[in-house]
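Enquirer: The structure's right below; bear with me while I get my questions together.
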Amino acid sequence: MAVVVPAKDEEATIGELLERISRVQIPGYMLRTFVVDDGSADRTAEIARTRGATVIPHPANQGLGAALRTGLRAAVEAGADAVAYLDADLEYHPEDIPRLVEPVLAGRADYVLGSRFLNGARGMKLHRRLGNHAFTTLLRALARCPISDGQTGMRAFSKEAASRAEIIHDYNYAQILTLDLLRKGFRLEEVPVQYSTRRYGLSFVNWCYPLKVLPAIWRELRTP
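Now the structure itself:
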């Protein structure tokens, strides 16, 4: 089984994250962690290597969507039976990985969203909560599916879903990926996951985020 972690300038968190991932146990499976270093200017890649992760470098920053695309490709090529993905900033807890991948390993789902809101999303700032609600409401309407957290940075994929996922936008992946996989007939499930506020660094989500995301969603909807 593979764990994919896109990271850019996350030297403050990547070591702790990988240490905690290394303690995760899923009976019958060995975990291999891929860190996609998306043009970091700090020691992210160096620290990740010392923690035993397979580091895949992007010489220049390409965006979170591109980093996830690279990580999924590497996991599929490595023969992973399932793939878990989580952000590198410690907002998500690696201890939730077994719960996240359980629907995939049990054969109930092909694609799993780790929902912060099913667990209350305690501590999330108001502007982020409102933004998440707006984009999730849009995604729910487009997908015609009862999704509670369309923006989550913790997801799981079956081998087939990971191999067939198309991330057409380098900057964003969240809504487009879900629409793509649902349109292809993959089964979706949500599970509650823990959430902590970011302690270090800056979120990539800012005022221009909607200006980049909405055109990408429109292109996905127009794709035959």
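Numbering (the UniProt record's numbering) for the sequence shown: 1 to 224. Cβ coordinates follow ideal geometry from the N, Cα and C atoms, glycine included.
By DSSP's criteria, Tyr85 is part of a beta bridge. Which residues make up the other side?
Expert: The count along the sequence shown starts at 1 and reaches residue 85 at position 85. DSSP, once it has assigned bridges, lists Val4, Arg155 as partnering Tyr85.
Enquirer: Which one of Gln62, Ile147, Asp42, Pro192 has the shortest CA to CA distance from Gly120?
Expert: On the sequence shown, residue 120 is found 120 positions in, with the first residue counted as 1. Of Gln62, Ile147, Asp42, Pro192, the residue nearest in Cα terms is Pro192.
Enquirer: Going by C-alpha distance, which of Gly63, Asn61, Glu46, Gln62 is nearest Val55?
Expert: One-based indexing of the sequence shown puts residue 55 at position 55. Cα-wise, what sits closest to Val55 is Glu46.
Enquirer: In three-state terms, what does DSSP make of Ile168?
Expert: Working through the sequence shown from its first residue, we reach residue 168 at position 168. Of the three classes helix, strand and coil, the one that applies to Ile168 here is coil, per DSSP.
Enquirer: Less than 8 angstroms between the CB atoms is what I'm expecting for Pro94 and Ile21, so what's the real figure, rounded?
Expert: In the sequence shown, residue 94 corresponds to position 94, counting from 1. In the sequence shown, residue 21 corresponds to position 21, counting from 1. So it is a contact: roughly 5 angstroms between Cβ atoms.
Enquirer: Which of the three DSSP states is assigned to Trp207 in this structure?
Expert: On the sequence shown, residue 207 is found 207 positions in, with the first residue counted as 1. Confidence at Trp207 is low in this model, with a pLDDT of 48, below 50, so the placement of that residue should be treated as unreliable; the coordinate-derived value is given next. In the structure shown, Trp207 sits in coil (DSSP, three-state: anything other than H, G, I, E or B).
Enquirer: To which residues of the same chain is Ser40 closer than 6 angstroms at the C-beta, ignoring the five residues directly before and after it?
Expert: The residue labelled residue 40 in the question sits at position 40 within the sequence shown. Around Ser40: Lys8, Asp9.
Enquirer: DSSP three-state call for His133: helix, strand or coil?
Expert: To locate residue 133, count along the sequence shown from 1; it is residue 133. Reduced to three states, the DSSP call for His133 is helix.
Enquirer: To test your reading of the DSSP string, which unbroken alpha helix (DSSP H) runs of 4 or more residues are found completely within the segment 29-109?
Expert: Counting whole runs of 4 or more residues, the segment 29-109 contains the alpha helix (DSSP H) stretches 44-50, 64-77, 97-105.
Enquirer: What first and last residue would you give for the beta strand (DSSP E) that runs through Gly114?
Expert: The sequence position of residue 114 within the sequence shown is 114, counting from 1. Residues 111-115.
Enquirer: Tyr85 and Leu64: beta carbons closer than 8 angstroms?
Expert: As a working mapping, residue 85 is identified with position 85 in the sequence shown. As a working mapping, residue 64 is identified with position 64 in the sequence shown. No.
Enquirer: Take Glu189 and list the residues in its own chain whose beta-carbon comes closer than 7 angstroms to its own, dropping the five residues that flank it on each side.
Expert: Counted from its first residue, the sequence shown places residue 189 at position 189. Within the same chain, Glu189 has close Cβ partners Pro103, Arg108, Ala109, Val112.
Enquirer: Using a 10 Å radius around the Cβ and a threshold of 16 neighbouring Cβ atoms, would you call Gly123 buried or exposed?
Expert: Numbered from 1 along the sequence shown, position 123 holds the residue referred to as residue 123. Gly123 comes out exposed.
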